Amino acid sequence: MSEDDKTLWIVWDLDDTLVDLSFRKDLFEKSNKNYEVLFSPELVQFDKVNPIVLTLKQHLNNLPNVKHLILSARPVTMLKATTDWLLKNNIGYDEIILKGNDQKSKYLYTPQWKMDRILGITLDQPTNVVLAVDDSDEVLRLYKQHGISALDAKLFTN
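In structure tokens:
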């Protein structure tokens, strides 16, 4: 068994999980659902931390042989703003994966995209994922179908 086989992963979603997205969602609604507003890197600085999910993450940060993957459907154009925000808010991670720039691709909006990323990062062994935290019912269902313990972030909203 290689060292990678011993590594366990916890997968964290960003929006409406680690991040309280209410500010950008409000602007999105006021802009007649303009996705350029929702996915504006300039607005990431105004995002708030979901304190309950962050507290859970902080408790899990020091588990031995466990890495933290942030997996988000945010476009990759938001990577710099996102990593800056994570650093500013002292949210550590080992890997971060954002989706591609193809906003119109149906594949990139499906839960299968997240599952495929997990399979890639865990050497096609989803059993290496000990927990996934997400707010999407579809994503949570797919994780559970692959034997991944999944926690619904909606349980931790105010």
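Each residue of the sequence shown is one higher than the last, beginning at 1 in our numbering.
In this text, a Cβ means the ideal position worked out from N, Cα and C, and glycines have one as well.
Keep in mind it's a predicted model, so treat the numbers as computed, not measured.
Worksheet item: Going by DSSP, what residues sit across from Ser72 in a beta bridge?
Response: Leu98
Fill in: Extent of the continuous beta strand (DSSP E) to which Val53 belongs
From DSSP, Val53 is part of no beta strand (DSSP E) but of the alpha helix (DSSP H) over 51–60.
Discussion item. Can you give me the C-alpha to C-alpha distance between Tyr93 and Asp13, rounded to a whole angstrom?
Written reply: 12 Å
Item to complete: Counting only the same chain and skipping the five closest in sequence on each side, list residues whose C-beta sits under 6 Å from that of Met115.
Response: Leu142
Discussion item. Alpha carbons only, please: which of Lys33, His68, Phe28 is nearest the one belonging to Leu18?
Written reply: His68
Discussion item. Whole angstroms are fine: how far does the CA of Lys6 sit from the CA of Phe28?
Written reply: 42 Å
Worksheet item: Alpha carbon to alpha carbon, what distance is there between Ile91 and Asp134?
Response: 16 Å
Discussion item. My assumption, with CB atoms under 8 Å, is that Val11 sits in contact with Val66. Please give the rounded CB distance.
Written reply: Going by Cβ atoms, the distance from Val11 to Val66 rounds to 11 Å, so no, they are not a contact pair.
Worksheet item: Counting pairs of Cβ atoms below 8 Å between the region 70–84 and the region 44–57, do you hit three or more?
Response: yes
Worksheet item: When DSSP builds the beta bridges, which residues end up paired with Lys179?
Response: The structure shown does not extend to residue 179, since the chain is modelled only from 1 to 158, so the question has no answer here.
Worksheet item: So, is Pro75 buried or exposed, given that buried needs 16 or more other C-beta atoms within 10 angstroms?
Response: buried
Discussion item. In whole angstroms, give me the CA-to-CA distance for Val53 and Phe156.
Written reply: 7 Å
Worksheet entry | Euclidean distance between Cα positions of Arg117 and Phe39 | 21 Å
Fill in: Start-to-end residues for the beta strand (DSSP E) that takes in Leu131
129–134
Discussion item. Applying the 10 Å Cβ sphere with the 16-neighbour rule, what's the burial state of Gln145?
Written reply: exposed
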